[in-house]
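What follows is one structure encoded as structure tokens, with my remarks underneath.
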Amino acid sequence: MVSKIVIIALIVGTASAATWIGMPPRKPEALAHKNGCYVEEINDVIPFGETVSPIGVCYSISCGRVMDYASCGVVSTDDPNCHVTDEDLSKPYPHCCPDVKCDIDNNLF
């Protein structure tokens, strides 16, 4: 029972994210005709109200009056049966975020 509580607490802890905002960068001249926000990470413009999660970085970018960014929260564990996985930049946010995996009764959760 205690191990199930620990796993649930770890899942809740990994659901939180770090967020920040910034002004949209200036659009390159070739993309100036497109409405929306220029996203340097994809070298394109996304429409207002849209969100993109570029491969190669582990955060999402939302286009509005400002650019909203969301990235992985901090994960850690003191449990000797658990470890923190590495960030996987081949996957989009939030699937790229580090996670806690635990070996319980020879099963990895």
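In mature numbering (1 follows the signal peptide of the UniProt record, and there is no 0), the protein residues as written are -17 to -1, 1 to 92. Each residue gets a CB set at the ideal place from its N, CA and C atoms; glycine is no exception. As the structure is a computational prediction, the values presented were derived from the model and not from experiment.
Asked, Found
"Identity of the residue in G39, P81, V28 nearest K17 by Cα", "V28"
"For A53: DSSP bridge partner residues", "T2, S43"
"Residues bridged to C80 [DSSP beta-bridge criterion]", "Partner(s): none; C80 has no beta bridge."
"Terminal residues of the beta strand (DSSP E) in which V58 lies", "From DSSP, V58 is part of no beta strand (DSSP E); its letter is neither H nor E."
"Minimum C-alpha distance to K10 - residue among D88, C20, D71, V58", "C20"
"Buried versus exposed call for V49 [16 or more other C-beta atoms within 10 Å across all chains shown]", "exposed"
"C-beta contact flag for C79 and C46 at 8 angstroms", "no"
"Sub-8 angstroms separation of A1 and S43 beta-carbons", "no"
"Selected residue, minimal CA-CA separation from C85, among P75, K74, S59", "S59"
"Close-in-space but distant-in-sequence residues of the same chain around G5 (CB under 6 angstroms, 5 per side omitted)", "M50"
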